[in-house]
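What follows is one structure encoded as structure tokens, with my remarks underneath.
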Amino acid sequence: MNKQEIITKFAIQGTILEVKEYGSGHINRTELVETQSAGKHHRYILQQINTDIFQDVDGLMENITSVTDFLRRKIKARGGDPDREALCVIPAKDGSSYCRVDGKCYRMYQFIQDAVSYDAVERQSDFYESALAFGTFQSLLSDYPAETLHETIADFHNTPKRFAAFRQAVQADVCCRVKDVGKEIAFLTEREAQMSVLTDLLAQGRLPLRVTHNDTKLNNVMLDQKTGKGICVIDLDTVMPGLSAYDFGDSIRFGANTAAEDETDLSKVSLDLELYEQYVRGYLKGCQGSLTGLEKQMLPMGAKMMTLECGMRFLADYLSGDTYFRIHREHHNLDRCRTQLALVADMERKWEQMAEIVAKAE
Ligand code: ADP
Ligand code: GN1
Ligand code: MG
72 MNKQEIITKF
82 AIQGTILEVK
92 EYGSGHINRT
102 ELVETQSAGK
112 HHRYILQQIN
122 TDIFQDVDGL
132 MENITSVTDF
142 LRRKIKARGG
152 DPDREALCVI
162 PAKDGSSYCR
172 VDGKCYRMYQ
182 FIQDAVSYDA
192 VERQSDFYES
202 ALAFGTFQSL
212 LSDYPAETLH
222 ETIADFHNTP
232 KRFAAFRQAV
242 QADVCCRVKD
252 VGKEIAFLTE
262 REAQMSVLTD
272 LLAQGRLPLR
282 VTHNDTKLNN
292 VMLDQKTGKG
302 ICVIDLDTVM
312 PGLSAYDFGD
322 SIRFGANTAA
332 EDETDLSKVS
342 LDLELYEQYV
352 RGYLKGCQGS
362 LTGLEKQMLP
372 MGAKMMTLEC
382 GMRFLADYLS
392 GDTYFRIHRE
402 HHNLDRCRTQ
412 LALVADMERK
422 WEQMAEIVAK
432 AE
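Shown next, in the form of structure tokens:
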């Protein structure tokens, strides 16, 4: 079945004008669909869900439709615009939330108009707004029935399990690449003991499990093109029970790095403490005082852990033959791994300042 036929399986308006690749996510395949009806222009986002990674598509889509319905009701109740402030799933004509065609799964979203997602921070205020949006997202979901969520990727941020998977990839060495990454393996191995800090606190009941986004990259939030205000959190594939430190940490990992995630000149990589501070302020404001003292204290650890974990995931994927994260050049995952480890090293240098900024934030 061709793309046009797939698109017309969804309850969209108008006739198709153009379909083009869109965005820079590493997991799904995203396309912008433009249509026209009676002189009116419409835009949609078509996504091919990565079913190697998300095997329970029914569970995944149930999470997304339930969470977005829940958010839409809350946004409406507080006088907001649910069509701009929450993702809107366009169902298939047969009423289902996605389509399965030739073994592939597709879903359609309403395109969020007059909004942008950034791959890098351009203005400090954008980062603050993204923090406010992710914090607010967590607050809005504070009374969502977490037990009804499907675990779309088991142990997604279980860093010790990620370490074990990484060790296995080293052992297997299926691409004979281990010989080239001794320094990176040593860096990670030296930090093994720290990897269970958050999971231990969770197991001891000292950190609360919340409904979190778990993939809080800057390009997973839409900001209003005119006002710069954060309007909508997107990419809801990994909304699952998790720790506030995960959401905080993953945003810092990506957005407060002075270099791109795949920069090859490691001298450009560092933690921008001003951006970090902006994020702390925005996130705490969005969380509306709901974080416990220990949760707040663990935010810097979240930043370090998410960066270490992501570096480890990139390296494991490099060793396994680049089967998980989409790559655009040779050694792309190794380059990505190296920026993450360089960022961890810089966080270690700035550790006291990171803790101080959180301690003095409201
Ligand atoms: P991935 O899981 O591959 O990261 P995303 O859901 O994040 O996929 O989508 C990729 C990009 O497409 C986003 O970063 C954003 O720029 C754009 N995008 C996704 N959904 C929408 C939407 N509903 N409206 C406008 N842009 C969107
Ligand atoms: C992936 O889908 P995307 O590009 O927003 C990944 C995240 C990583 C991130 C690294 C489901 O996010 O966990 O932190 O790449 N998503 C999944 O850039 O694995
Ligand atoms: Mg994304």
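The sequence shown lines up with residues 72 to 433 when you count with the numbering used here. C-beta atoms are modelled at their ideal positions from N, C-alpha and C, and glycine is treated no differently.
Beta-carbon separation (whole angstroms), residue i vs residue j, contact threshold 8 Å
i: residue 294; j: residue 197; result: 6 Å
i: residue 405; j: residue 389; result: 5 Å
i: residue 160; j: residue 178; result: 7 Å
i: residue 208; j: residue 284; result: 6 Å
i: residue 327; j: residue 350; result: 6 Å
i: residue 319; j: residue 374; result: 7 Å
i: residue 302; j: residue 155; result: 6 Å
Beta carbon of residue i nearer than 8 Å to that of residue j
i: residue 103; j: residue 78; result: no
i: residue 432; j: residue 352; result: yes
i: residue 267; j: residue 357; result: no
i: residue 85; j: residue 119; result: no
i: residue 277; j: residue 365; result: yes
i: residue 330; j: residue 410; result: yes
i: residue 63; j: residue 362; result: The chain is shown from 72 up to 433; residue 63 falls before or after that span and cannot be answered.
i: residue 169; j: residue 115; result: no
i: residue 346; j: residue 428; result: no
i: residue 383; j: residue 259; result: yes
i: residue 217; j: residue 282; result: yes
i: residue 397; j: residue 333; result: no
i: residue 164; j: residue 80; result: yes
i: residue 215; j: residue 138; result: yes
i: residue 158; j: residue 256; result: no
ask   = Taking the runs of the alpha helix (DSSP H) that are 4 residues or longer, which of them lie wholly in the region 319-390?
value = 344-358, 364-368 and 370-390
ask   = Where the beta carbon is closer than 7 Å to any heavy atom of ligand 1, which residues qualify, in chain order?
value = The filter returns 93, 94, 95, 96, 97, 98, 99, 101, 116, 118, 158, 180, 181, 182, 183, 186, 188, 290, 291, 293, 305, 306 and 308, in chain order.
request  = Pick out the complete alpha helix (DSSP H) segments inside the region 101-146, 4 residues or longer, and give them in chain order.
outcome  = Those alpha helix (DSSP H) runs which fall completely within the region 101-146 and span 4+ residues do not exist here.
ask   = Do the region 276-289 and the region 200-212 meet, that is, are 3 or more Cβ pairs less than 8 Å apart?
value = yes
inquiry  = Counting beta carbon pairs with one atom in the region 121-138 and one in the region 227-243, are three or more of them shorter than 8 Å?
reply    = no
inquiry  = Three Cβ pairs or more, each shorter than 8 Å: is that satisfied between the region 170-185 and the region 307-315?
reply    = Three or more beta-carbon pairs separated by less than 8 Å are not found between the region 170-185 and the region 307-315, which leaves the two stretches without contact.
ask   = Are the region 331-344 and the region 415-423 in contact at 8 Å, needing three or more beta carbon pairs?
value = yes
Length-filtered (4 minimum) alpha helix (DSSP H) runs lying within the region 191-274 = 195-211, 230-243, 253-261 and 268-274
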